[in-house]
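Asks: Got a structure for you, written out below as structure tokens; questions coming shortly.
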Amino acid sequence: MSQYVIVNNLVKKYGDLCAVDNLSISVNQGEIFGLLGPNGAGKSTTLSVLTTLSDFDKGEITIGAHNIRKDKMKIKQLIGMVPQDIAVYEHLTALENVKFFAALYGMRGNKLNASAKEALEFVGLSDRQNMKPKQMSGGMKRRLNIACGIAHAPKLIIMDEPTVGVDAQSREHILNSIKLLRDRGATVIYTSHYMQEVEEICDRIAIIDHGRLVACGTKAELVSLITDAQSVYIETKIPAAFDLDEYKKKQKLMPGVKAVAIEENTIRIDVSIDQNNITRLIEQFLSLNLPIINIKTEVPNLDTMFLTLTGHELR
Amino acid sequence: MFQITIKETKEFLRDRINLFFFIMFPVVLVFLLGSLLKSMDKAEEAVGEIKLHYLVTTENPVNIMTIEGFIQSIGDNQNLIFEQTENLEASKQLAGNNEITAVIEFTGNPFSINIYEGSNQIANRTVAAIMNGFKQSNKSISAVMKTLPETLQDIDQTERSEFILQKDLGVNRTMMDYYAVAMLAMISFMSALVGAGAFVGERQNKTINRLIAAPKNRISLFLQKVFGMIPQVIIQLSVLMLISVFVFKAHYAATLLVNLYLFFMFFMVTLCMISVGAVIGIFIKVNPSAVIMPVLWIMMFLGGTYSKEMYIKGLTDKMPSFQIQQAAFDLAIFERFDKANTVIITCIIIMSIALAIGAFLFSRKEEER
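Line by line, the protein sequences give chains A and B.
The numbering used here runs 927 ahead of the 1-based position in the first sequence.
The numbering used here runs 1 ahead of the 1-based position in the second sequence.
See below:
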């Protein structure tokens, strides 16, 4: 998979504040790349530089084999921007909005009309094309915001929290649309504060904080940075005569088991993700003739990983 | 360019606030002010000195005594000078050159009064009133009085506006005519709000980020946005002029050509104000009305836009609104183009500077957050 976006040692300062500090990331062609970070981490600044809305102090950026300083207009032509704020004209209809923004990218005539209608259909607004944004719900506006950014068929789509404040149905529609865009060959850079969304749609994720790259990789790769274990919780009914210490000792001898803890009637066993030996754990437990009331496994999620890497303090 | 022009025009026409402020409001003001203040439509100009030559050719002693008695009785007035002449043609030439106001010839058998006027219409009206007074106060004599405008034919047109100030609407003009012009000036100046709003609006709803992210030259984008407002300028000026003329029966100029030139002058003023507003719109982050409106209203108030009675010597005549109204009255009433040309050239210069500054600022603009 070739690299479509390459950012090398990007530095962007606002006066004395260094918003982006030697950031280096690369985005593969045809992937959904998540950009995560707490408030003020430098995500929006990075996106702003990538969309050519802001200049930068140092570093090098290549998009689609074009250098951003030398071929700014060519790069602009490749990019579709879906900003966090709903950026549409209130007095124009949905179709007029989409057509206007697509026309800025050189589309004209029948092609413009067809592309605008296709974009509206893509986001599920084809039957609302003559509706003005002020008559639309929040979810519809969000989808219109996306349509305005994709109608000119960009190769790189940069989405800054496109699902803020929408209902579950609209969110699902938007996320499916983004995956469909990826499947059609577009490269997507995606930011969100909803970790579940990022886990669901992003092929790779970069976490930045204080303008620097903290971690980058697939979800599994990121989780492995903080732990290589998953927890198995077995809820049972432990008799008073049961020898807990003996049980713990036996469990720890099993391959992959890292820790065992018992709290009232729940036993937690931390096992290595690499060693898929949950079946053997259960078989051994059943041999004790203890009932299993409930059983569940827990893998550290992106939320846990994010908080571990970026800290718990308020920003 | 075409897409941005269509977008700007649609936005203008679909925004009720714009429609009210830039189309309805000026039309209503023309009607209200023109109707309510029509009692102020009086000739109250400073006429200045009136110098008259008179020639008595009647031999009737009663008429001669009456004429001399009349001239002596009103000759004490410092501003009214009667001088007897022996050479009618020479005096007519002086009137034609505006060196004197008029020549009055009293002829006999039948007794008649011929007035050979100069070009100062205000003064001419005064002379006519004086001689009417003479006729009314001397019932014992029977006189035929007629005005002979032949001396007007050869005079230099540029001399004719000497007495024309904003307060004088000329003959057969009404307050409706005054406000039809004054409101054109008002919407032209208020267009600064449209220019500023076009950029502040883009920034407030964040569409400016989409615009500057598009593969368009920023300078070209800025100019397209400003010139994209041309249709709305044409619409707002046309609506006001057409309604003023066809509904309120107001008068601008007598000929279509001069009316078109008047339209063009206000078009240039409006475009100039939009350009200035656009620069302000790039700068300011607050509602443009809060910044621009007070300045415009004070300037227009002091410049006599809302009342022809507003005149503060040394201040009013320095107001751009006063100067533009003067140029418009000059053009509409006397078909004089020089002040209008000055206004147009000044607007082109200011607009060029504003557009250069605006384009420079816009080309350096970063993302709006």
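Quick reminder that beta carbons are idealized off the backbone N, C-alpha and C, glycines included.
Given the structure is predicted, the values throughout are model-derived calculations rather than measurements.
Please confirm whether L238 of chain B and Y253 of chain B have their CB atoms less than 8 Å apart.
Replies: Within the second sequence, the letter at position 237 stands for residue 238 of chain B. Within the second sequence, the letter at position 252 stands for residue 253 of chain B. No, the Cβ-Cβ distance between L238 of chain B and Y253 of chain B is not below 8 Å.
Asks: Report buried or exposed for K1223 of chain A, applying the criterion of at least 16 other Cβ atoms within 10 angstroms of its Cβ.
Replies: Position 296 of the first sequence holds residue 1223 of chain A. Its Cβ having fewer than 16 others within 10 Å, K1223 of chain A is exposed.
Asks: For the beta strand (DSSP E) that contains C1199 of chain A, what are its first and last residues?
Replies: Taking the first sequence and counting its residues from 1, one reaches residue 1199 of chain A at position 272. For the sequence presented, residue 1199 of chain A should be read as Ser rather than Cys. Looking at the DSSP string, the run of the beta strand (DSSP E) that includes S1199 of chain A is 1193-1199.
Asks: Using the C-alpha atoms, what's the distance from L1229 of chain A back to Q1123 of chain A?
Replies: Position 196 of the first sequence, counted from the start, is the residue given in the question as residue 1123 of chain A. Position 302 of the first sequence, counted from the start, is the residue given in the question as residue 1229 of chain A. Their backbone Cα atoms lie some 8 Å apart in a straight line.
Asks: How big is the Cα-Cα spacing for E1243 of chain A and K1059 of chain A?
Replies: The requested residue 1243 of chain A does not occur in the structure, where chain A is confined to residues 928 to 1242.
Asks: Going by the beta-carbon positions, is the gap between I1205 of chain A and A1156 of chain A smaller than 8 Å?
Replies: In the first sequence, residue 1205 of chain A corresponds to position 278, counting from 1. In the first sequence, residue 1156 of chain A corresponds to position 229, counting from 1. Going by C-beta atoms, I1205 of chain A is not nearer than 8 Å to A1156 of chain A.
Asks: Among residues of its own chain, excluding the 5 on either side of A1078 of chain A, which ones have a beta-carbon nearer than 7 Å to its beta-carbon?
Replies: As a working note, residue 1078 of chain A is residue 151 in the first sequence. Cβ within range, chain order: V1025, F1028, A1029, S1042, A1043, A1046.
Asks: List, in chain order, every chain A residue whose beta-carbon is nearer than 9 Å to that of A197 of chain B.
Replies: In the second sequence, residue 197 of chain B corresponds to position 196, counting from 1. Within 9 Å Cβ-Cβ: nothing; A197 of chain B doesn't reach chain A, min ~17 Å.
Asks: So, with DSSP's three-state summary, where would you put D1110 of chain A?
Replies: Along the first sequence, one-based indexing puts residue 1110 of chain A at 183. Three-state DSSP puts D1110 of chain A in a helix.
Asks: Of the choices B:L261, B:N210, B:F268, whose alpha-carbon is the least far from that of A193 of chain B?
Replies: The residue given as residue 193 of chain B occupies position 192 in the second sequence. Residue B:F268 is the option with its Cα nearest to A193 of chain B.
Asks: Tell me which residue opens and which closes the beta strand (DSSP E) that K939 of chain A is part of.
Replies: Taking the first residue of the first sequence as 1, we reach residue 939 of chain A at position 12. Taken as a continuous stretch (DSSP letters only), the beta strand (DSSP E) holding K939 of chain A covers 930-941.
Asks: Using CA atoms only, rank isn't needed, just tell me which of B:I7, B:G304, B:F363 is closest to S221 of chain B.
Replies: Here residue 221 of chain B corresponds to residue number 220 of the second sequence, with the count starting at 1. For S221 of chain B, the nearest C-alpha among the options comes from B:F363.
Asks: Is C945 of chain A helix, strand or coil by DSSP?
Replies: Along the first sequence, one-based indexing puts residue 945 of chain A at 18. DSSP places C945 of chain A in strand when its eight states are reduced to three.
Asks: Would you say the stretch 53-60 of chain B touches the stretch 206-214 of chain B, given that touching needs at least three Cβ pairs under 8 Å?
Replies: No, because fewer than three Cβ pairs between the stretch 53-60 of chain B and the stretch 206-214 of chain B fall closer than 8 Å, the two stretches do not touch.
Asks: Extract the residue ranges of the alpha helix (DSSP H) inside the stretch 249-310 of chain B, only unbroken runs of 4 or more that lie entirely within it.
Replies: As far as the stretch 249-310 of chain B is concerned, its whole alpha helix (DSSP H) runs of at least 4 residues are 257-284, 289-303.
Asks: Pull up the CB-CB distance for Q326 of chain B and A183 of chain B, whole angstroms please, since I reckon it's below 8 Å.
Replies: Locating residue 326 of chain B in the second sequence gives position 325, counting from the first residue. Locating residue 183 of chain B in the second sequence gives position 182, counting from the first residue. The Cβ separation is near 6 Å, so the contact holds.
Asks: Applying a beta-carbon distance threshold of less than 8 Å, which residues of chain A neighbour N121 of chain B?
Replies: Position 120 of the second sequence, counting from 1, holds the residue named residue 121 of chain B. None at all; the shortest Cβ gap to chain A is about 53 Å.
Asks: Can you give the Cα-Cα distance for G1138 of chain A and K970 of chain A, rounded to whole angstroms?
Replies: Position 211 of the first sequence, counted from the start, is the residue given in the question as residue 1138 of chain A. Position 43 of the first sequence, counted from the start, is the residue given in the question as residue 970 of chain A. Whole-angstrom Cα-Cα distance: 8 Å.
Asks: What first and last residue would you give for the beta strand (DSSP E) that runs through N1221 of chain A?
Replies: The residue labelled residue 1221 of chain A in the question sits at position 294 within the first sequence. Taken as a continuous stretch (DSSP letters only), the beta strand (DSSP E) holding N1221 of chain A covers 1219-1225.
Asks: Comparing C-alpha positions only, which one of B:L224, B:T67, B:I188, B:I131 sits nearest to N80 of chain B?
Replies: Within the second sequence, numbered from 1, the residue matching residue 80 of chain B stands at position 79. Per the Cα distances, B:I131.
Asks: Compute the Euclidean distance between the alpha carbons of T159 of chain B and I334 of chain B, then round it to the nearest angstrom.
Replies: Start at 1 with the first residue of the second sequence, and residue 159 of chain B comes out as number 158. Start at 1 with the first residue of the second sequence, and residue 334 of chain B comes out as number 333. Low confidence applies here, because T159 of chain B scores a pLDDT of 36, under 50, leaving its location unreliable; read the following figure in that light. Between T159 of chain B and I334 of chain B, the C-alpha separation is close to 13 Å.
Asks: Can you tell me whether G1076 of chain A is buried or exposed? The criterion is at least 16 other CB atoms within 10 Å of its CB, across all chains shown.
Replies: Stepping through the first sequence from its first residue, residue 1076 of chain A is reached at position 149. It is buried - the Cβ of G1076 of chain A has at least 16 other Cβ atoms within 10 Å.
Asks: Relative to the C-alpha of I285 of chain B, which residue among B:A357, B:G196, B:L95, B:L356 is closest?
Replies: To locate residue 285 of chain B, count along the second sequence from 1; it is residue 284. The candidate whose alpha carbon is nearest that of I285 of chain B is B:G196.
Asks: Between F330 of chain B and Q122 of chain B, what straight-line distance do the alpha-carbon atoms span, to the nearest angstrom?
Replies: As a working note, residue 330 of chain B is residue 329 in the second sequence. As a working note, residue 122 of chain B is residue 121 in the second sequence. Taking the straight line joining both Cα atoms gives about 15 Å.
Asks: State the Cα-Cα distance for the pair L1022 of chain A and Q1056 of chain A, rounded to the nearest angstrom.
Replies: Locating residue 1022 of chain A in the first sequence gives position 95, counting from the first residue. Locating residue 1056 of chain A in the first sequence gives position 129, counting from the first residue. Roughly 5 Å separates the two Cα atoms.
Asks: Would you tell me roughly how many angstroms separate the C-alpha atoms of F960 of chain A and S981 of chain A, rounded to the nearest one?
Replies: The count along the first sequence starts at 1 and reaches residue 960 of chain A at position 33. The count along the first sequence starts at 1 and reaches residue 981 of chain A at position 54. Looking at the two C-alpha atoms, the distance is approximately 21 Å.
Asks: On a CA-only basis, which of B:G97, B:S120, B:F135 is nearest I114 of chain B? Give me that one, please.
Replies: For the purposes of this step, residue 114 of chain B is taken as residue 113 along the second sequence, with counting starting at 1. Checked all of B:G97, B:S120, B:F135; the closest Cα to I114 of chain B is B:F135.
Asks: At which residues does the alpha helix (DSSP H) containing Y180 of chain B begin and terminate?
Replies: In the second sequence, the residue the question calls residue 180 of chain B occupies position 179. Looking at the DSSP string, the run of the alpha helix (DSSP H) that includes Y180 of chain B is 176-205.
Asks: At a Cβ threshold of 8 Å, is T271 of chain B touching chain A?
Replies: As a position in the second sequence, residue 271 of chain B is number 270, starting the count at 1. No, its Cβ sits nowhere closer than 8 Å to a Cβ of chain A.
Asks: Going by CA-CA distance only, name the one from A:N994, A:A1095, A:V1050 that's closest to V1009 of chain A.
Replies: Position 82 of the first sequence, counting from 1, holds the residue named residue 1009 of chain A. Closest option to V1009 of chain A, Cα to Cα, is A:V1050.
Asks: With 8 Å set as the bound, which would you pick, yes or no: does the beta-carbon of N210 of chain B sit closer than that to a beta-carbon of chain A?
Replies: For this step, residue 210 of chain B is matched to residue 209 along the second sequence. Yes, because at least one Cβ of chain A sits closer than 8 Å to the Cβ of N210 of chain B.
Asks: Looking at the secondary structure, which residues open and close the alpha helix (DSSP H) in which G1007 of chain A lies?
Replies: As a position in the first sequence, residue 1007 of chain A is number 80, starting the count at 1. Unbroken run through G1007 of chain A is the beta strand (DSSP E), 1006-1009; no alpha helix (DSSP H).
Asks: So what does L81 of chain B bridge to, in DSSP terms?
Replies: Here residue 81 of chain B corresponds to residue number 80 of the second sequence, with the count starting at 1. DSSP output for L81 of chain B lists B:I51 as bridge partner(s).
Asks: I'd like the list of long-range same chain contacts for T989 of chain A, defined as Cβ closer than 6 Å, with 5 residues on each side in sequence excluded.
Replies: Counting from one through the first sequence, the residue named residue 989 of chain A turns up at place 62. For T989 of chain A, where only same-chain residues beyond five positions count, the Cβ hits under 6 Å are I933.
Asks: Can you have a look at M1000 of chain A and say buried or exposed, based on whether 16 or more other CB atoms are within 10 angstroms of its CB?
Replies: Counting from 1 along the first sequence, the entry for residue 1000 of chain A is found at position 73. It counts as exposed.
Asks: Tell me which same chain residues have a C-beta within less than 8 Å of the C-beta of R1069 of chain A, skipping the five on either side of it?
Replies: Mapped onto the first sequence, residue 1069 of chain A falls at position 142. Excluding positions up to five away in sequence, the list reads I1013, P1089, T1090, V1091, G1092, V1093, S1097, I1101.
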